[in-house]
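I have placed the structure first, in the form of C-alpha cells, so that the comments after it can refer back to it.
2 protein chains.
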Amino acid sequence: MKITALAGGVGGAKLAHGLAQILPAEDLTVVVNTGDDFEHLGLSICPDLDTVCYTLAELANSETGWGRADETWNVISNVEKLGGPAWFRLGDADIGTHLERTRRLKAGEALSQITKDFCAAWGIKPTVLPMTDSAVRTVVDSDEGELAFQEYFVHRQCQPRVKGFRFEGVASAQPAVGVKEALRSADAVIFCPSNPWVSIDPILQVVKEIEKPVFAVSPIIGGKTIKGPAAKMFAELGIEPSAYAVAEHYRAILRGFILDVEDAALENKIQNLGCATLVANTRMNHPADRARLAEETLQFIRSL
Amino acid sequence: MKITALAGGVGGAKLAHGLAQILPAEDLTVVVNTGDDFEHLGLSICPDLDTVCYTLAELANSETGWGRADETWNVISNVEKLGGPAWFRLGDADIGTHLERTRRLKAGEALSQITKDFCAAWGIKPTVLPMTDSAVRTVVDSDEGELAFQEYFVHRQCQPRVKGFRFEGVASAQPAVGVKEALRSADAVIFCPSNPWVSIDPILQVVKEIEKPVFAVSPIIGGKTIKGPAAKMFAELGIEPSAYAVAEHYRAILRGFILDVEDAALENKIQNLGCATLVANTRMNHPADRARLAEETLQFIRSL
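Protein sequences appear in the order of chains X and D. Okay, so the first sequence: first residue is 1 according to the numbering used here, each after it adds one. Okay, so the second sequence: first residue is 305 according to the numbering used here, each after it adds one.
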C-alpha cells in the first residue's frame, strides 16, 4: 500500500516517523507544509520540514518539539551578546542546516532538490517533499492586525487572537516536483495530526485537489492540542475545539477519521459527517506509540 | 601620546593588545585591514577585524591564531555533513558574530558602526576601525591566475606563487568615519607586525597619505614570518625576505623601524634607508611580551 502523508511539525513528524518504520521506503512520501518558513538572521528557515527530517533521521529534540537533540547554543548566545535578535532559538547544528540550505537556495536550487540531498545525507529513506518550491507564507490575521506566522507563533507565543489566515503567494505556487505524482500514485492520503489551519490547509491550497481517499488523524484530543495552537485557533474562530471540529473542517474530502479513545463519545457524530471512523490511542508520548498508531491507521485504511 | 596603529590579523592584533594594555583607551585607535573580508556561506566575514577584536577582548584562540577560544564546531560539522563548503573553518560563537554583522550590513548599517557596537558589547575600550566601510577586496595575482584572497590564503593554503596584488574597489573607497581623524590627531602611527603586502598596503591605499611619523615593527624575523605568507610573498616577488626588505618596502614614509634582536646585523643597512632603528625582542610568544614590545616601541617613539 502506497501512502502519501501530509504533515506540519511535531505531531505530523511523529506519525510520519511511525509510518516510516512500517512501510517500505518507496511506499511512503511525506509532503510537508512550508507556510511557516521564514527568513531570519539572513537564514532561510523551514521549521516543519526540518522537524519532519530531524524526526525521521532520529536527530530531533523530543523534549522541545523543535530543533535537534544534543544541541549547543553558541551562535545564538553570541548574537544575543551583540544585541541581535535572539527570540527565535536556533541551535548550532540546526544553523548549519539553515546556512547550507540558504546558500543553495541563493544559488538558484529548488528547495525540493536541497531537501532530497539533505535526506540522503541524514539517511532518511522515505521521500520527503516540501509542498512547493515557491515562497508561500502563512499570514495570521489577528486582533493586532496581520502577523507573519513566526512573529505570531514564536515571538508573540500565539497570544494575539486569531481572526483568519491567508497564505501569501499561494495563488501562483505550484506543488513541488513529485507532489502531484505522490498524491496520484498513493493508495491513500493521510493527514497527520497537524494543525488544520496552518499546517494542512496551506498544503491543500497548493495541491488544490486530492483524488485519492483521505484519512485524517485528529490533532485535537479532549478539546485540546498536545502541542501548538490548533485548539486555541478553533475557539477564536468561533468553533468549539474538538475532534469533531477537525473532522468537520475536512468534511468535503474525508474518507476516514481517526480520533482518540478519550473522544470516543464523538464517534457517531463524526460518522454522521459521512466518514468512517477509528477510535484509537492517538497519543504518541513514547517512540513506540508512533509505529503502533501508524499500524492501526494502515489497518483501518486497508479495512475500507 | 596618541597612537594610531595599522593592523592585519594575528601579529598586528598582538601588538595592538600590548598597546591597549599601556595606553589610555582614548589615546589608541587601531585601523584594521578589511581587504581579506569575504562573503562565504552567505556570511560577511572580516577575518582581520575579528582577530583584532577577539584579541583585544581576550576571546581569541591563541593556538590557531584565528577564531575564538573554547569554540564548538557544530555548525560547520553539519554543513559538511550536508555536503556544503567546509574548507573555511568557522566556529559556532564566531558564526554568531558573522550572522549578526551580516544582518546589520544588509539592513544598510556601516561596518564601522557595527564594529563600534560589537566592541562595546565585548568590552573593548580602544577605538577599532575598519579601514573603510566600502568593499575593498584583495585579489592575488598568481601563477594560477587571479585568486580571491581567502581562496589563495585558506583554501589553497598560499601554495600558488604570487605575482602581485590588487585591491578591488580601492579606487572609490573612502576611509571609514574616524580613520582620517585618528591619523591626523595621532602623535605617531605604528605599523604593527603585519603582512606589508596584504595587510598594511591595502590600508595605505585607502588612506592615501599619512602625515604623522610612521614607525613599523618588522613582521619578518630571521628571513621568516612567525605566521602567514609575508616572507613567501617577498621571495616570490623576487625580494629576499628580511627585516630590511620590510623597511625598504615602507621606506618612503618610515620614521623609525623596530627589528628583532635576531636581525641586529641588519641595523646599519636599515638606518641607511634613512630611518631610526630599535633592536628589540619582537617575538610575542607569551601574552606578557605584547605589553613589553608595546612599551619598548612607545619609548623608542618618545626618544625621537
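Glycine included, each C-beta is placed from N, C-alpha and C at the ideal position.
| Query | Result |
| --- | --- |
| Just checking: is the beta-carbon of D:Asn378 within a distance shorter than 7 Å of some beta-carbon in chain X? | yes |
| By DSSP, does D:Val314 sit in helix, in strand, or in coil? | helix |
| Within 7 Å (strictly less), CB to CB, does X:Arg89 reach chain D? | no |
| Compare the C-alpha of X:Glu262 against each of X:Trp197, X:Pro219, X:Val214 and X:Ala186 and name the closest. | X:Pro219 |
| If you compare alpha carbons, which of X:Trp66, X:Ile45, X:Asn268 and X:Thr132 is closest to X:Ala178? | Reading the sequence as shown, one finds Gly at residue 178 of chain X and not Ala. For X:Gly178, the nearest C-alpha among the options comes from X:Thr132. |
| Please report the distance separating the alpha-carbon of D:Pro533 from that of D:Gln454. | 13 Å |
| Establish whether the CB of X:Ala93 and some CB of chain D are separated by less than 7 Å. | yes |
| Could you give the DSSP three-state label for D:Ser546: helix, strand or coil? | coil |
| Would you identify the three-state DSSP class for X:Arg184, choosing helix, strand or coil? | helix |
| I'd like to confirm the pairing. Which residues does DSSP put opposite X:Ala121 in its beta bridges? | X:Ala121 pairs with nothing; no bridge assigned. |
| Suppose you measure from the CA of D:Pro545 to the CA of D:Gln463; what does that come to, to the nearest Å? | 17 Å |
| X:Asp50: which of X:Gly145, X:Gly65 and X:Val136 sits nearest, CA to CA? | X:Gly65 |
| Chain X partners of D:Asn382, CB-CB under 7 Å? | Ala93, Gly96 and Thr97 |
| Strictly under 7 Å for the Cβ-Cβ distance: is D:Phe342 near chain X by that measure? | no |
| Along chain D, in chain order, which residues have C-beta atoms closer than 7 Å to that of X:Gly83? | Asp421 and Ala425 |
| Determine the closest residue to D:Pro591 out of D:Asp331, D:Ile349, D:Asp341 and D:Ala364, with distance taken between C-alpha atoms. | D:Ala364 |
| Select from D:Phe457, D:Gly468, D:Gly473 and D:Lys429 the residue whose C-alpha is nearest the C-alpha of D:Ser438. | D:Gly473 |
| With a threshold of 7 Å on Cβ separation, who are the neighbours of X:Asp289 within its own chain once the five nearest residues in sequence on each side are excluded? | Arg283 |
| Can you find the residues in the same chain that come closer than 7 Å, C-beta to C-beta, to X:Val206, ignoring five residues on each side of it along the sequence? | Met131, Thr132, Val136, Val170, Ala173 and Pro175 |
| Tell me which residues share the same chain as X:Asn74 and place their Cβ nearer than 8 Å to its Cβ, disregarding the 5 neighbours each side in the sequence. | Asp92 |
| Are three or more beta carbon pairs between the segment 408-418 of chain D and the segment 315-327 of chain D nearer than 8 Å? | no |
| What is the DSSP secondary structure of X:Glu71, reduced to helix, strand or coil? | coil |
| Secondary structure at X:Gly164, three-state DSSP: helix, strand or coil? | strand |
| What does the alpha-carbon distance come out to for the pair D:Ser446 and D:Arg460? | 11 Å |
| When you compare the CB of D:Thr406 with every CB in chain X, is at least one pair closer than 7 Å? | yes |
| Run through the DSSP bridge pairs and tell me what X:Pro175 is partnered with. | X:Thr132 |
| Quick one: what's got a C-beta closer than 7 Å to D:Phe392's C-beta in the same chain, skipping five residues either side? | His344, Gln454 and Val458 |
| From D:Gly578 to D:Asn585, what distance separates their C-alpha atoms? | 22 Å |
| From the beta carbon of X:Gly42, is the nearest beta carbon of chain D less than 7 Å away? | yes |
| Look up X:Asp143 in the DSSP assignment and give the residues it is bridged to. | X:Gly145 |
| Quick one: what's got a C-beta closer than 6 Å to D:Thr431's C-beta in the same chain, skipping five residues either side? | Thr333 |
| With X:Leu259 and X:Glu248 assumed to form a contact (beta carbons below 8 Å), what rounded beta-carbon distance in angstroms separates them? | X:Leu259 to X:Glu248, Cβ: 12 Å. No contact. |
| Identify the contact partners of D:Lys429 in chain X, using a Cβ-Cβ distance below 7 Å as the criterion. | Under the 7 Å cutoff, chain X gives no residues; its nearest Cβ is about 17 Å from D:Lys429. |
| Would you kindly work out how many angstroms separate the C-alpha atoms of X:Leu23 and X:Glu58, rounded to a whole number? | 17 Å |
| Do D:Ser498 and D:Ala311 have their CB atoms nearer than 7 Å? | yes |
| Classify D:Gly468: buried if its beta carbon has 16 or more other beta carbons within 10 angstroms, exposed otherwise. | exposed |
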